[in-house]
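Q:
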Amino acid sequence: MLPSSPPPAHKPSSTGGFYVQRSTAVVAGVALFLVVVGLIVGGLSGGIIMAAVVALVTGLYTAVTNRPSWVRLNGRKAGAITAGASVVALLIGGALAPADESVPTAVAEQTQEAAPEATPTTAASTAPATPSPSASPTPTRTPSATPTPTDADVAPLDGDAVVDAAGTPRAPAEQPAANTTALALLETLAIKGRAPKTGYDREQFGQAWLDVDRNGCDTRNDMLNRDLTDIVHTNSVPCKVQSGVLADPYTATSIAFQRGQSTSTKVQIDHVVALSDAWQKGAQQLTFDQRVAFANDPLNLQSTDGPTNQQKGAGDAATWLPPNKGYRCEYVARQVSVKATYTLWVTQAEHDAMARILSDCNGILVPTNQMAPSVTAPPEPVETAPSPEPVPEAPVVVPAPGPFANCSEAAAAGFSNIPVGSPAYSPDQDGDGDGVACEGGASEPVAPAPAPVAPAPAPVYANCDAVRAAGAAPIYAGTPGFQPKFDRDGDGVGCDS
1 MLPSSPPPAH KPSSTGGFYV QRSTAVVAGV ALFLVVVGLI VGGLSGGIIM AAVVALVTGL
61 YTAVTNRPSW VRLNGRKAGA ITAGASVVAL LIGGALAPAD ESVPTAVAEQ TQEAAPEATP
121 TTAASTAPAT PSPSASPTPT RTPSATPTPT DADVAPLDGD AVVDAAGTPR APAEQPAANT
181 TALALLETLA IKGRAPKTGY DREQFGQAWL DVDRNGCDTR NDMLNRDLTD IVHTNSVPCK
241 VQSGVLADPY TATSIAFQRG QSTSTKVQID HVVALSDAWQ KGAQQLTFDQ RVAFANDPLN
301 LQSTDGPTNQ QKGAGDAATW LPPNKGYRCE YVARQVSVKA TYTLWVTQAE HDAMARILSD
361 CNGILVPTNQ MAPSVTAPPE PVETAPSPEP VPEAPVVVPA PGPFANCSEA AAAGFSNIPV
421 GSPAYSPDQD GDGDGVACEG GASEPVAPAP APVAPAPAPV YANCDAVRAA GAAPIYAGTP
481 GFQPKFDRDG DGVGCDS
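If you count by full-length UniProt numbering, then the sequence shown holds residues 1 to 497, one letter each, in order.
1) In the DSSP assignment, the alpha helix (DSSP H) including Gln242 goes from what residue to what residue?
2) Suppose you measure from the CA of Gln280 to the CA of Phe294; what does that come to, to the nearest Å?
3) Would you mind reading off the limits of the beta strand (DSSP E) that contains Gln258?
4) By a C-beta neighbour count over all protein chains shown, 10 Å radius and 16 as the cutoff for buried, is Val241 buried or exposed?
5) Note down the Cα distance separating residue 498 from Glu439, rounded to an integer number of angstroms.
6) Using 8 Å as the Cβ pair cut-off and three pairs as the minimum, do the region 355-368 and the region 174-184 touch?
7) Could you work out which residue in Ala166, Leu34, Asp465 is closest to Phe288 when comparing CA atoms only?
8) With a threshold of 8 Å, are at least 3 pairs of Cβ atoms found where one atom belongs to the region 338-347 and the other to the region 182-201?
9) State yes or no: is the beta carbon of Pro169 nearer than 8 Å to at least one beta carbon in chain B?
10) Just the C-alpha distance for Ser254 and Leu246, rounded to the nearest angstrom, thanks.
11) Could you check where the beta strand (DSSP E) with Ile231 kicks off and where it finishes?
12) Quick check on Gly494: does DSSP put it in helix, strand or coil?
13) Give me the Cα-Cα distance between Ile475 and Val453, rounded to the nearest whole angstrom.
14) Just to confirm my understanding: we take Glu330, look at its own chain, exclude 5 residues before and 5 after, and list those with CB closer than 8 Å. What are they?
15) Leaving aside the five residues before and after Arg334 along the sequence, list all residues of the same chain whose C-beta is less than 6 Å from its C-beta, in chain order.
16) Which residue's Cα is closest to the Cα of Arg72: Ala85, Ala83, Gly84, Thr58?
17) Please identify the residue among Ala413, Cys407, Thr319 whose C-alpha is closest to the C-alpha of Asp430.
18) For Arg488, which option in Trp320, Asn463, Trp209 has the closest C-alpha, if you only look at C-alpha atoms?
19) According to DSSP, is Pro390 helix, strand or coil?
20) Would Asp158 be called buried (16 or more neighbouring beta carbons within 10 Å of its own) or exposed?
21) Going by C-alpha to C-alpha distance, which of Ala80, Gln284, Pro176, Thr24 sits closest to Thr198?
22) Quick one: what's Ala437 bridged to in DSSP?
23) Is it true that the CB of Ala63 sits closer than 8 Å to the CB of Leu90?
24) For Pro392 and Gly414, what's the separation of their Cα atoms in angstroms?
25) Which stretch, first to last residue, makes up the alpha helix (DSSP H) that contains Leu301?
26) Can you list, in chain order, the residues of its chain with a C-beta nearer than 7 Å to that of Asp213? Leave out the 5 residues immediately preceding and following it.
27) Check the DSSP bridge columns for Tyr476 and list the partner residues they point to.
28) Where do the ends of the alpha helix (DSSP H) carrying Asp352 lie?
29) So, is Glu350 buried or exposed, given that buried needs 16 or more other C-beta atoms within 10 angstroms?
30) On the criterion of 16 or more Cβ atoms from any shown chain inside 10 Å, does Pro484 qualify as buried, or is it exposed?
31) Relative to the C-alpha of residue 509, which residue among Met50, Ile49, Ala85, Phe482 is closest?
32) Leaving out five residues on either side along the sequence, give the residues of the same chain with a beta carbon under 7 Å from the beta carbon of Arg76.
33) For the beta strand (DSSP E) holding Ile269, just list the boundary residues, first then last.
34) Buried or exposed for Asp277, please, with buried defined as at least 16 other CB atoms from any protein chain shown within 10 angstroms of its CB.
35) Tell me the DSSP bridge mates of Leu91?
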């Protein structure tokens with residue numbers, strides 16, 4: 001029976017509608033707000049859980065007080081039914097909730113490396129090590145199949161056994177081409193909603209920290225060796241890291257790492273793109289070997305602070321970014337590169353968050369193992385020593401011609417009309433005293449040509465016998481020594497017979 005003190009649930013208005021109490025509207029608004037928050041934080045399961053909590057409180061209120069509450073439940077029976085239905089809804093929401101989102105990523109994903117033990121405090125060590133005198137703190141949620149061990153040498157983070165990966169783990173695509181900007185590559189990723197998480201399990205990505213590159217060292221220690229400095233190994237084999245120092249890019253702090261049950265969790269290996277996130281954005285369509293490659297790809301792995309890794313959980317760029325703002329550009333660029341390499345998609349909210357971050361990153365390039373195409377650089381110009389300036393040759397000093405003996409000598413040397421003051425001038429060659437010597441060439445008279453030599457007298461032959469004796473026969477008319485008497489026949493040839 002309803003108490004008389006509360007006002008009626010509704011009353012007709014002057015217009016024929018219903019009157020809603022202000023308190024009812026306030027409670028309805030708060031309930032709707034809580035459900036929306038649940039959807040944002042936990043997805044569908046979060047919304048169901050939050051709605052179930054509101055319904056449970058409302059049903060219990062009516063069942064206990066027999067009041068109709070803000071949804072006007074009719075009596076205790078209706079309240080009890082509502083409360084019971086809300087409990088069922090809570091169970092459904094809990095079943096749909098991700099099982100690993102509140103578990104430390106490195107711990108939850110690596111528990112398969114630990115030997116199963118009965119209880120954390122009574123577990124026996126399988127390797128020579130000194131047991132911890134006190135129980136180690138237990139994580140908030142630990143998979144029941146593999147309780148957290150207490151012995152340092154069998155801790156999930158640092159198991160002794162190195163397991164080779166079966167098959168051929170390989171990404172479905174090559175890493176992005178060199179010199180690709182993260183913003184440009186982001187625009188090539190498909191934008192879709194999240195797929196259901198149904199079927200997700202860590203084993204879908206293979207056993208944690210396999211030896212996929214067959215180098216004799218598991219992936220976790222490969223990453224510690226890559227990211228830490230001042231490394232000390234457990235033995236002479238450069239694999240298992242005993243201690244070192246991490247310059248954590250997520251927090252911009254320096255973390256001292258020490259291998260051990262209570263200390264190994266200080267440094268965890270983060271999947272830059274979380275396994276659960278990948279499962280809901282395309283990894284379900286990958287082969288098992290491709291998912292194993294994804295879980296052990298150095299491009300997708302980063303050593304970081306343990307609590308920070310736990311805080312990230314399975315968040316994407318829309319819900320979680322590194323506290324160190326100076327690393328966010330590189331962090332998001334790595335996520336884009338990983339998603340492109342493994343053909344994963346992004347949600348609209350994730351895409352927008354990535355684009356917002358990358359727009360302030362000065363065209364940051366995506367990390368990749370691809371080499372830039374070789375470009376032959378032009379040969380550097382060879383600097384040649386400057387040619388020495390030519391040294392002018394000293395002029396050959398020709399001594400000034402002295403006075404010539406006569407003008408003929410001056411003419412032979414190319415001098416004539418020699419003025420007074422010239423070194424070649426001589427008053428002896430200036431016959432008229434006008435100050436110019438050797439005027440008109442040589443001033444000396446040219447010697448007369450010698451008289452012609454008189455020809456030798458013509459021979460006189462007494463007769464033809466003399467001509468013949470002299471070897472001049474026959475002798476012709478006009479020849480010296482010819483006489484008409486030698487030409488008896490008058491033919492101009494004498495002594496011809």
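Yeah, the Cβ is synthetic: ideal placement off N, Cα and C, and Gly gets one too.
A: On the basis of the supplied data:
1) Gln242 -> not in any alpha helix (DSSP H); beta strand (DSSP E) instead, spanning 241-248.
2) If I take the Cα positions, the gap works out to 14 Å.
3) First-last of the beta strand (DSSP E) with Gln258: 253-258.
4) buried
5) The structure shown does not extend to residue 498, since the chain is modelled only from 1 through 497, so no value can be given for it.
6) yes
7) Ala166
8) Taking 8 Å as the limit for Cβ pairs, the verdict is that the region 182-201 does touch the region 338-347.
9) Protein chain content of the structure displayed is limited to a single chain, and chain B is not contained in it.
10) 6 Å
11) 228-233
12) strand
13) 25 Å
14) Pro249, Ile364, Pro367
15) Val272, Pro367
16) Between Arg72 and the set Ala85, Ala83, Gly84, Thr58, the nearest pair of CA atoms involves Thr58.
17) Cys407
18) Asn463
19) coil
20) buried
21) If we check each option's Cα against that of Thr198, Gln284 comes out closest.
22) Ile418
23) no
24) Looking at the two C-alpha atoms, the distance is approximately 29 Å.
25) No alpha helix (DSSP H) contains Leu301, which is instead part of the beta strand (DSSP E) from 301-305.
26) Excluding positions up to five away in sequence, the list is empty.
27) Val493
28) Asp352 -> alpha helix (DSSP H) spans 348-358.
29) buried
30) exposed
31) Any question about residue 509 goes unanswered here, given that the chain covers just 1 to 497.
32) These residues qualify, in order along the chain: Thr62, Ala63, Asn66.
33) Counting along the chain, the beta strand (DSSP E) containing Ile269 begins and ends at 267-271.
34) buried
35) For Leu91, which the question treats as bridged, DSSP gives no partner whatsoever.
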